[in-house]
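The structure appears right after this line, and notes come after that.
Protein chains: 2
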Amino acid sequence: MPTIKDVALRAGVSATTVSRVLNNRGYLSEELKKRVHSAMDELNYRPNELARSLSRSKSNIIGLIIPHVSHPFFAELTSHIEEHAYLQGYKLLLCNSQHDKTKELEYIDMLRASRVDGIIMGSHTLEVDAYRQMSLPLVTFDRRISAEIPYVCSDNYGGGVLATSLLINKGCTRIAHIGGHPELHILSRLRYEAFRDTAGKMNTWHTSLHTDNDSFDEEAYERLLDQLFREHPGIDGIFAGSDIIAAYALKTCRERGLNVPEDVRIVGYDGIALRKLLAPQLSTIRQPVEEMGKLAVDLIIRQVDGGAVAAEYILPVELEEGATT
Amino acid sequence: MPTIKDVALRAGVSATTVSRVLNNRGYLSEELKKRVHSAMDELNYRPNELARSLSRSKSNIIGLIIPHVSHPFFAELTSHIEEHAYLQGYKLLLCNSQHDKTKELEYIDMLRASRVDGIIMGSHTLEVDAYRQMSLPLVTFDRRISAEIPYVCSDNYGGGVLATSLLINKGCTRIAHIGGHPELHILSRLRYEAFRDTAGKMNTWHTSLHTDNDSFDEEAYERLLDQLFREHPGIDGIFAGSDIIAAYALKTCRERGLNVPEDVRIVGYDGIALRKLLAPQLSTIRQPVEEMGKLAVDLIIRQVDGGAVAAEYILPVELEEGATT
DNA sequence: TTGTAGGCGTTATCAA
DNA sequence: TTGATAACGCCTACAA
Numbered sequence: 001m002p003t004i005k006d007v008a009l010r011a012g013v014s015a016t017t018v019s020r021v022l023n024n025r026g027y028l029s030e031e032l033k034k035r036v037h038s039a040m041d042e043l044n045y046r047p048n049e050l051a052r053s054l055s056r057s058k059s060n061i062i063g064l065i066i067p068h069v070s071h072p073f074f075a076e077l078t079s080h081i082e083e084h085a086y087l088q089g090y091k092l093l094l095c096n097s098q099h100d101k102t103k104e105l106e107y108i109d110m111l112r113a114s115r116v117d118g119i120i121m122g123s124h125t126l127e128v129d130a131y132r133q134m135s136l137p138l139v140t141f142d143r144r145i146s147a148e149i150p151y152v153c154s155d156n157y158g159g160g161v162l163a164t165s166l167l168i169n170k171g172c173t174r175i176a177h178i179g180g181h182p183e184l185h186i187l188s189r190l191r192y193e194a195f196r197d198t199a200g201k202m203n204t205w206h207t208s209l210h211t212d213n214d215s216f217d218e219e220a221y222e223r224l225l226d227q228l229f230r231e232h233p234g235i236d237g238i239f240a241g242s243d244i245i246a247a248y249a250l251k252t253c254r255e256r257g258l259n260v261p262e263d264v265r266i267v268g269y270d271g272i273a274l275r276k277l278l279a280p281q282l283s284t285i286r287q288p289v290e291e292m293g294k295l296a297v298d299l300i301i302r303q304v305d306g307g308a309v310a311a312e313y314i315l316p317v318e319l320e321e322g323a324t325t
Numbered sequence: 326m327p328t329i330k331d332v333a334l335r336a337g338v339s340a341t342t343v344s345r346v347l348n349n350r351g352y353l354s355e356e357l358k359k360r361v362h363s364a365m366d367e368l369n370y371r372p373n374e375l376a377r378s379l380s381r382s383k384s385n386i387i388g389l390i391i392p393h394v395s396h397p398f399f400a401e402l403t404s405h406i407e408e409h410a411y412l413q414g415y416k417l418l419l420c421n422s423q424h425d426k427t428k429e430l431e432y433i434d435m436l437r438a439s440r441v442d443g444i445i446m447g448s449h450t451l452e453v454d455a456y457r458q459m460s461l462p463l464v465t466f467d468r469r470i471s472a473e474i475p476y477v478c479s480d481n482y483g484g485g486v487l488a489t490s491l492l493i494n495k496g497c498t499r500i501a502h503i504g505g506h507p508e509l510h511i512l513s514r515l516r517y518e519a520f521r522d523t524a525g526k527m528n529t530w531h532t533s534l535h536t537d538n539d540s541f542d543e544e545a546y547e548r549l550l551d552q553l554f555r556e557h558p559g560i561d562g563i564f565a566g567s568d569i570i571a572a573y574a575l576k577t578c579r580e581r582g583l584n585v586p587e588d589v590r591i592v593g594y595d596g597i598a599l600r601k602l603l604a605p606q607l608s609t610i611r612q613p614v615e616e617m618g619k620l621a622v623d624l625i626i627r628q629v630d631g632g633a634v635a636a637e638y639i640l641p642v643e644l645e646e647g648a649t650t
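If you're matching them up, the sequences are chains A and B in order. Using our numbering, read the first sequence as starting at 1 and increasing by one per residue. Using our numbering, read the second sequence as starting at 326 and increasing by one per residue.
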């Protein structure tokens with residue numbers, strides 16, 4: 001591969017000059033620019049980003065740590081993050097933590113060693129200090145770690161209220177919430193709290209079930225749903241913590257001969273694109289996934305550029321009513 | 326961030342020596358190793374991978390170009406690729422080409438500039454020469470570019486035969502295939518060819534429909550399916566080019582009041598994990614996605630290490646019969 | 001407007 | 001067994 005020196009030689013100038021036209025710094029005559037550019041073209045020259053990064057101490061790489069890219073929600077989020085990073089001149093290093101503490105730690109270490117400019121954390125299983133100490137631009141999804149680390153999330157509580165009151169207003173009298181484990185620090189826990197609060201306020205009987213871990217475990221949801229209908233046969237409304245869970249709920253109802261929405265009303269959360277196939281006409285609370293991804297990238301870049309960022313970014317959700325309520 | 330010099334100073338040795346213990350080269354007394362290691366620990370030192378890469382001219386990064394990470398099949402593939410790359414000490418740079426020629430070209434350029442050690446192409450919209458000229462370890466999925474560029478795919482033809490004969494053996498007499506555009510160079514075209522050949526050989530009436538482009542276009546499939554049932558109301562068997570398409574077929578049948586498998590039998594292709602939710606009990610041809618991902622990574626690494634690789638790797642598929650046939 | 005020299009953090013080559 | 005010294009390819013003072 002040709003280097004800057006080869007280009008300099010061919011254009012009859014010094015390497016510095018080539019570097020200048022490369023970065024458009026200082027005063028350069030048009031003629032010179034042209035000469036250098038054609039030398040580059042002839043040699044099919046591309047500046048070595050490794051060398052540039054080392055020299056500038058800036059890699060233009062963002063690390064993304066998520067539990068599972070194969071989970072539809074994260075797949076969508078990743079897709080948007082990649083796109084916006086690319087548009088801003090950043091590359092994306094992908095890390096699947098699989099909700100594993102050790103892996104997450106190793107990835108963070110690896111990303112620091114790779115001198116990424118910042119890390120977007122969609123997975124966070126570590127203790128607060130582990131994140132604070134890393135002195136790197138950081139953004140998390142759905143988790144408040146400390147005042148210095150900004151987070152992006154949808155209006156979980158608002159969404160929970162919307163979903164719950166929709167069920168109740170439609171006439172449900174025995175409603176259930178199914179979600180991931182409501183760890184204290186995970187903000188999606190607010191969906192559950194909103195459910196509980198709203199049902200309480202509206203004097204509606206309610207119950208809720210949670211998986212042990214946040215892993216994308218298909219069977220866990222099926223087991224949970226079976227348990228729900230076994231223990232509470234009269235359930236007539238379900239607020240699912242995600243569209244995937246809602247799809248399982250629909251499937252379970254179908255298998256049990258329960259009609260939706262006549263016998264049971266179901267509302268999901270997320271608004272993933274796949275829902276149209278997964279559960280046609282599903283009522284759901286739509287998160288602005290694209291905006292969330294874009295915002296996360298922007299927040300990293302703003303920090304890189306020394307700008308100030310707020311502590312929290314709570315984006316509005318939207319109720320999309322389909323035919324399952 | 327501390328550098329190798331800081332460690333050297335603290336351990337009372339030269340930078341060269343630190344580098345030696347870092348890479349375990351040459352003879353080093355246990356005592357010295359210990360001393361250096363504790364200096365590293367105390368400083369919380371991590372070698373700068375950018376500098377290492379530059380010096381060794383090896384980045385330990387693999388570039389992955391795919392059309393859409395949010396497509397379930399690619400999401401799964403990406404997940405496996407990332408995992409195996411990680412296990413082998415490689416990082417993954419993710420690129421969503423969106424089936425766009427310009428983007429693909431820009432990504433290739435960017436990856437070369439970043440000095441990735443190799444590129445796995447799950448998207449390939451360019452001309453043969455563009456790939457041949459890049460003189461970088463390469464592996465493609467489902468496309469034969471030239472004899473020097475190895476490709477990984479499932480036994481598309483075999484899978485097509487399995488699916489088609491399953492339909493016919495179950496008694497279907499008017500069968501259809503729906504798939505992506507059968508471009509000449511895309512190997513998934515073999516699924517279609519197998520369908521045609523097998524139906525012909527078994528004297529079964531058959532037809533087929535294809536989308537214009539390979540993009541993950543939901544509506545296109547719905548339109549295609551509508552067209553199919555309008556033009557050929559007697560269809561009693563469908564071989565879908567993917568599980569996603571099969572899910573659309575199921576949905577369409579449901580909407581039209583057709584029972585599966587009584588009125589119409591359906592078999593998909595891919596075997597994505599999500600099929601259990603998308604189309605419970607779907608009969609499908611399962612590709613060994615994980616092996617394919619692992620193999621692609623291995624083939625890159627083998628080339629990086631100067632090893633020889635074959636031109637093609639065709640992995641066996643498996644018929645998984647569910648309740649839709 | 002252009003060039004020289006030194007540095008980014010590491011590894012490789014020689015000597016000692 | 002250890003240490004200078006010169007790369008790797010680029011960028012940025014400082015000089016001219």
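Ideal placement from N, C-alpha and C gives every residue a C-beta, glycine not left out.
Assuming residue i and residue j form a contact by the criterion Cβ under 8 Å, report the distance between their Cβ atoms to the nearest whole angstrom.
i, j, result
"B/T465", "B/Y476", "5 Å"
"A/P137", "A/V304", "6 Å"
"B/R590", "B/D551", "Not really, about 19 Å apart at Cβ, beyond 8 Å."
Does any CB atom of chain A fall closer than 7 Å to the CB of residue i?
i, result
"B/S344", "no"
"B/L430", "no"
"B/E407", "yes"
"B/G633", "The question names Gly, yet the displayed sequence has Ala at residue 633 of chain B. Taking Cβ atoms only, chain A never reaches closer than 7 Å to B/A633, which makes this a no."
"B/L347", "no"
"B/S490", "no"
"B/S404", "yes"
"B/R419", "Checking the displayed sequence, the identity of residue 419 of chain B turns out to be Leu instead of Arg. Interface residue, yes."
List the endpoints of the continuous alpha helix (DSSP H) containing residue i.
i, result
"B/A333", "I329 to A336"
"A/S135", "A/S135 -> no alpha helix (DSSP H), and no H or E assigned at all."
"A/L246", "The displayed chain sequence assigns Ala, not Leu, to residue 246 of chain A. Element bounds for A/A246: D243 to E255."
"A/E222", "E218 to E231"
"B/T523", "R514 to K526"
"A/I120", "A/I120 -> not in any alpha helix (DSSP H); beta strand (DSSP E) instead, spanning G118 to M121."
"A/T284", "Counting along the chain, A/T284 falls outside any alpha helix (DSSP H), though it belongs to the beta strand (DSSP E) covering S283 to R286."
"A/I301", "V289 to V304"
By a C-beta neighbour count over all protein chains shown, 10 Å radius and 16 as the cutoff for buried, is residue i buried or exposed?
i, result
"B/A635", "exposed"
"A/G159", "buried"
"B/E657", "With chain B covering only 326 through 650, there is no way to say anything about residue 657 of chain B."
"B/K416", "buried"
"B/K428", "buried"
"B/K619", "buried"
"B/N421", "buried"
"B/V361", "buried"
From which residue to which residue does the beta strand (DSSP E) around residue i run?
i, result
"A/K91", "K91 to N96"
"A/H210", "W205 to H210"
"B/S479", "Y476 to S479"
"B/G593", "R590 to D595"
"A/H177", "R174 to G179"
"B/I433", "Careful: B/I433 lies outside any beta strand (DSSP E), inside the alpha helix (DSSP H) at K426 to A438."
Against chain B, does residue i count as a neighbour if the rule is that its beta carbon must be under 7 Å from one of theirs?
i, result
"A/V69", "yes"
"A/E363", "Outside the displayed range of chain A (1 to 325) lies residue 363 of chain A, so it cannot be described from this structure."
"A/T125", "no"
"A/K91", "yes"
"A/R46", "yes"
"A/S97", "no"
"A/R191", "no"
"A/A39", "no"
"A/E42", "no"
"A/R112", "yes"
"A/A130", "no"
"A/T76", "A small correction: the amino acid at residue 76 of chain A is Glu; Thr does not occupy that position in the sequence shown. It does: the Cβ of A/E76 has a partner Cβ on chain B nearer than 7 Å."
| field | Near-chain A residues of the stretch 373 to 384 of chain B - C-beta to any C-beta below 8 Å | value | Against chain A - using a Cβ distance shorter than 8 Å - the residues of the stretch 373 to 384 of chain B are N373, E374, L375, A376, S378, L379 and S384.
| field | Members of the stretch 268 to 286 of chain A near chain B, C-beta cut-off 8 Å | value | Answer in chain order: A273, L274, K276, L277, L278 and P280.
| request: Anything in the stretch 616 to 627 of chain B with a Cβ closer than 7 Å to a Cβ of chain A? List those residues in chain order, please. | output: Per Cβ criterion, the list is empty.
| Residues, ordered as in the chain, of the stretch 558 to 586 of chain B that lie near chain A by beta-carbon distance below 8 Å | Near chain A, meaning a CB-to-CB distance below 8 Å, the residues of the stretch 558 to 586 of chain B are I569, A572, Y573 and K576.
| task | Check each residue of the stretch 527 to 548 of chain B: if its Cβ is closer than 7 Å to any Cβ of chain A, include it; give the result in chain order. | result | The stretch 527 to 548 of chain B vs chain A, Cβ under 7 Å: E543.
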